[in-house]
Amino acid sequence: MRYFLLNIILALTWAMLNGEINSGNIIAGFIIGYIILYVAQRALGAPPYFGKISRLIQFVAFFSVELVKSNIKVASDVLTKHNYMKPRIIAVPLDAKTDAEITLLANLISLTPGSLSLDVSNDKKVIYVHVMYAEDADAAKREIKNGLERWVLKLFSSDKKDRLS
Amino acid sequence: MFWDILSKILILIGGFFMFVAALGVLRMPDLYMRLHANTKSATFGIGFLLLGAAVHFGEFAISIRALSILLFLFATAPVAAHMIGRAAYIAKSPLWGGTLSDDLAGKYDKKTHELTAEIEEPKAAKKN
Amino acid sequence: MTVNMIAFGFLTLALLFAFLRLTRNPNRDHRIMALDRVIAIDLMATLSIGFMTLFAVETGKAVFLDAAMVLALIAFLGTVAFARYLEKGK
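Okay, structure coming up:
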């Protein structure tokens with residue numbers, strides 16, 4: 001948290017030194033401040049800040065690529081005859097425990113084309129997903145577990161660690 | 166000039182994906198797959214349209230507004246899809262003939278519409 | 294401006310398809326039919342947001358984006374209310 005404040009202060013300083021506080025200057029200042037803090041982190045003591053932000057950026061990049069890729073797949077399937085479709089309803093066992101994690105995971109599953117979360121069991125152990133391309137049910141389950149769920153757990157676990165320290 | 170062309174391209178892609186979404190809603194063989202087309206391709210398309218608008222205006226206040234619409238749609242579309250999908254399954258909407266397996270079969274309580282607790286991996290892969 | 298017109302054309306065709314789905318429906322059970330129509334209406338609401346965004350770009354008036362935002366808020370509530378009702382009721 002301290003590093004985030006420092007970063008904001010650096011961004012404001014940069015904007016003020018430029019003589020004008022507007023969005024472009026603040027964003028540029030934030031990026032430059034981030035780089036400065038990254039370089040200086042050995043002197044300041046290793047913070048969890050950088051891992052978290054870069055993880056978030058990595059996740060957004062991963063998710064965007066996934067979104068574009070699978071949307072093109074669905075589009076091609078809609079425009080031609082639907083021969084590739086192998087729909088199933090699969091049950092995916094959940095490792096995510098808290099409500100926030102499960103909600104985020106379910107929303108992300110629904111947003112990635114080819115999978116749609118239908119419901120979560122009462123004891124929050126299993127999520128039921130309708131998938132469009134699943135020749136092999138186990139492979140589809142593994143894809144969700146290793147892809148999206150791993151990312152969600154990573155994001156949240158780093159969050160908790162940061163709050164405790 | 167560059168921004169102009171970029172915004173045009175984004176708008177064109179967005180329009181195309183919304184067209185694909187509507188075609189999917191019309192053509193897909195069962196309700197769940199129509200839901201797929203509606204939730205994803207349409208949200209994706211409108212995302213591109215709004216990005217195109219944000220680039221076109223290029224002003225901070227307006228672009229932020231467009232991006233906030235985008236964020237809101239990305240947050241709410243899956244929720245609506247989840248509600249419709251759940252209601253459709255409870256109403257026993259038929260699955261397409263080509264559906265390979267259904268792990269959810271027989272899991273809902275008839276009266277309360279609650280999913281029965283399932284601790285071990287359910288393996289009742291019933292052919293439909 | 295022609296690009297905007299092409300996008301308008303795409304959206305109009307999409308609206309037509311959504312309308313066809315709304316009127317012609319393969320199901321017999323009226324609850325499932327209603328759910329299918331809810332999907333079509335949800336799509337039409339999304340398309341309207343798209344129309345407003347495009348119109349804002351075409352006319353250069355950002356006010357239309359506000360209208361799009363309001364519609365984005367309201368349409369979602371309608372869909373959820375319909376789905377909940379159809380899940381519970383007859």
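Residue numbers (the numbering used here), protein chains in the order written: chain A, 1 to 165; chain B, 166 to 293; chain C, 294 to 383. Where is the CB? At the ideal position from N, CA and C, for every residue including glycine.
Measure the alpha-carbon distance for residue i versus residue j and round it to whole angstroms.
{"i": "A:V92", "j": "B:F181", "result": "33 Å"}
{"i": "A:I32", "j": "B:L200", "result": "44 Å"}
{"i": "A:S165", "j": "A:Q41", "result": "In this predicted model, A:S165 has a pLDDT of only 37, less than 50, meaning its place in the structure is not dependable; the value taken from the coordinates is given anyway. One C-alpha to the other measures close to 16 Å."}
{"i": "A:I16", "j": "B:S228", "result": "First, the residue type needs correcting, since residue 16 of chain A is Met and not Ile in the sequence shown. Their Cα atoms are separated by approximately 23 Å."}
{"i": "B:I211", "j": "A:T80", "result": "22 Å"}
{"i": "A:L111", "j": "A:S70", "result": "10 Å"}
{"i": "A:L148", "j": "A:L105", "result": "7 Å"}
{"i": "A:I21", "j": "C:D359", "result": "26 Å"}
{"i": "A:L56", "j": "A:A96", "result": "18 Å"}
{"i": "B:A218", "j": "B:F225", "result": "12 Å"}
{"i": "A:A28", "j": "A:Y34", "result": "10 Å"}
{"i": "B:K291", "j": "B:M198", "result": "Low confidence applies to B:K291: its pLDDT is 43, below 50, so where it sits in the model is not reliable enough to give any reading."}
{"i": "C:V373", "j": "C:I332", "result": "11 Å"}
{"i": "B:D267", "j": "A:R88", "result": "6 Å"}
{"i": "A:V120", "j": "C:F303", "result": "37 Å"}
{"i": "B:H247", "j": "A:R142", "result": "22 Å"}
{"i": "A:N25", "j": "C:L340", "result": "36 Å"}
{"i": "C:F348", "j": "A:D123", "result": "47 Å"}
{"i": "B:N293", "j": "C:A368", "result": "Residue placement at B:N293 is flagged as unreliable, the pLDDT there being 41, under the threshold of 50; the coordinate-derived value follows with that caveat. When rounded, the distance between both Cα atoms is 34 Å."}
{"i": "A:N18", "j": "A:I8", "result": "15 Å"}
{"i": "B:S258", "j": "C:G353", "result": "45 Å"}
{"i": "A:A43", "j": "A:I36", "result": "12 Å"}
{"i": "C:P319", "j": "A:F30", "result": "55 Å"}
{"i": "B:F167", "j": "C:V350", "result": "17 Å"}
When you compare the CB of residue i with every CB in chain C, is at least one pair closer than 8 Å?
{"i": "B:I211", "result": "yes"}
{"i": "B:H201", "result": "no"}
{"i": "B:F225", "result": "no"}
{"i": "B:K292", "result": "For B:K292, the predicted model reports a pLDDT of 41, less than 50, meaning its position is unreliable; a value from the coordinates is still stated below. Not an interface residue."}
{"i": "B:G217", "result": "yes"}
{"i": "B:Y197", "result": "no"}
Going by C-alpha distance, which of the options is nearest residue i?
{"i": "C:I342", "options": "B:H247, B:A253, B:E224, B:A231", "result": "B:A231"}
{"i": "C:F310", "options": "C:L358, C:F348, C:M337, C:D322", "result": "C:M337"}
{"i": "B:N203", "options": "A:E149, A:I144, A:V74", "result": "A:V74"}
{"i": "A:L67", "options": "A:M132, A:L5, A:I109", "result": "A:I109"}
{"i": "B:G179", "options": "C:T305, C:A300, C:L306", "result": "C:A300"}
{"i": "A:S117", "options": "A:I144, A:K141, A:Y128", "result": "A:Y128"}
{"i": "A:V39", "options": "A:Y3, A:F63, A:R55, A:S64", "result": "A:Y3"}
{"i": "B:L216", "options": "B:M248, B:K205, B:I234", "result": "B:I234"}
{"i": "A:M132", "options": "A:D77, A:R142, A:K125", "result": "A:D77"}
{"i": "B:A213", "options": "B:G189, B:L191, B:F239, B:L196", "result": "It should be pointed out that residue 213 of chain B corresponds to Phe in this sequence rather than to Ala. Considering only alpha carbons, the answer is B:F239."}
{"i": "B:T174", "options": "B:A253, B:W261, B:R251, B:V220", "result": "Note on identity: in this sequence residue 174 of chain B is Ile, with Thr being the wrong assignment. The shortest C-alpha separation from B:I174 is found at B:V220."}
{"i": "A:K125", "options": "A:A139, A:S23, A:A140, A:E101", "result": "A:E101"}
With 8 Å as the threshold, decide whether the Cβ of residue i is near any Cβ in chain A.
{"i": "B:A252", "result": "no"}
{"i": "B:M166", "result": "no"}
{"i": "B:D267", "result": "yes"}
Does residue i have its Cβ less than 8 Å from a Cβ in chain B?
{"i": "C:N318", "result": "no"}
{"i": "A:D138", "result": "no"}
{"i": "C:F303", "result": "yes"}
{"i": "C:A360", "result": "no"}
{"i": "A:S54", "result": "no"}
{"i": "C:T339", "result": "yes"}
{"i": "A:A11", "result": "no"}
{"i": "C:T244", "result": "Residue 244 of chain C is absent from the structure shown; chain C starts at 294 and stops at 383."}
{"i": "A:D159", "result": "With a pLDDT of only 49 at A:D159, under 50, the local geometry of the prediction cannot be trusted, and no value is derived from it."}
{"i": "A:N71", "result": "yes"}
{"i": "A:L118", "result": "yes"}
{"i": "C:T352", "result": "no"}
{"i": "C:R321", "result": "no"}
{"i": "A:M16", "result": "no"}
{"i": "C:I342", "result": "yes"}
{"i": "A:V74", "result": "yes"}
{"i": "C:I299", "result": "yes"}
{"i": "A:S110", "result": "yes"}
{"i": "A:L155", "result": "no"}
{"i": "A:A61", "result": "no"}
{"i": "A:S23", "result": "yes"}
{"i": "A:L5", "result": "no"}
{"i": "A:L148", "result": "no"}
{"i": "A:L164", "result": "Because A:L164 carries a pLDDT of 41, less than 50, the predicted location of this residue cannot be relied on, and no value is offered for it."}
{"i": "A:L104", "result": "no"}
Could you list which residues in chain D have their beta carbon closer than 9 Å to that of residue i, in chain order?
{"i": "A:N107", "result": "Of the protein chains in the structure, A, B and C, none is chain D."}
Residues of the region 171–190 of chain B whose Cβ lies closer than 8 Å to any Cβ of chain C, in chain order = S172, K173, I176, L177, G179, G180, F181, M183, F184, A186, A187, L188, V190
Going along the region 231–260 of chain B in order, which residues come within less than 9 Å of chain A, judged by CB to CB distance?
-> F239, A240, A242, P243, V244, A246, H247, G250, R251, A253, Y254, L260
Listed in chain order, which residues of the region 86–99 of chain A have Cβ atoms closer than 7 Å to some Cβ of chain B?
-> K86, P87, R88, I89, I90, A91, P93
Unbroken alpha helix (DSSP H) runs of length 4 or more, entirely within the region 49–97 of chain A: which are they?
-> 49–79
Considering only residues of the region 306–330 of chain C, which uninterrupted alpha helix (DSSP H) runs meet the minimum length of 4 residues and lie entirely inside it, listed in chain order?
-> none
Selection of the region 325–339 of chain C by Cβ proximity to chain B, strictly under 7 Å = I325, L328, D329, V331, I332, A333, D335, L336, T339
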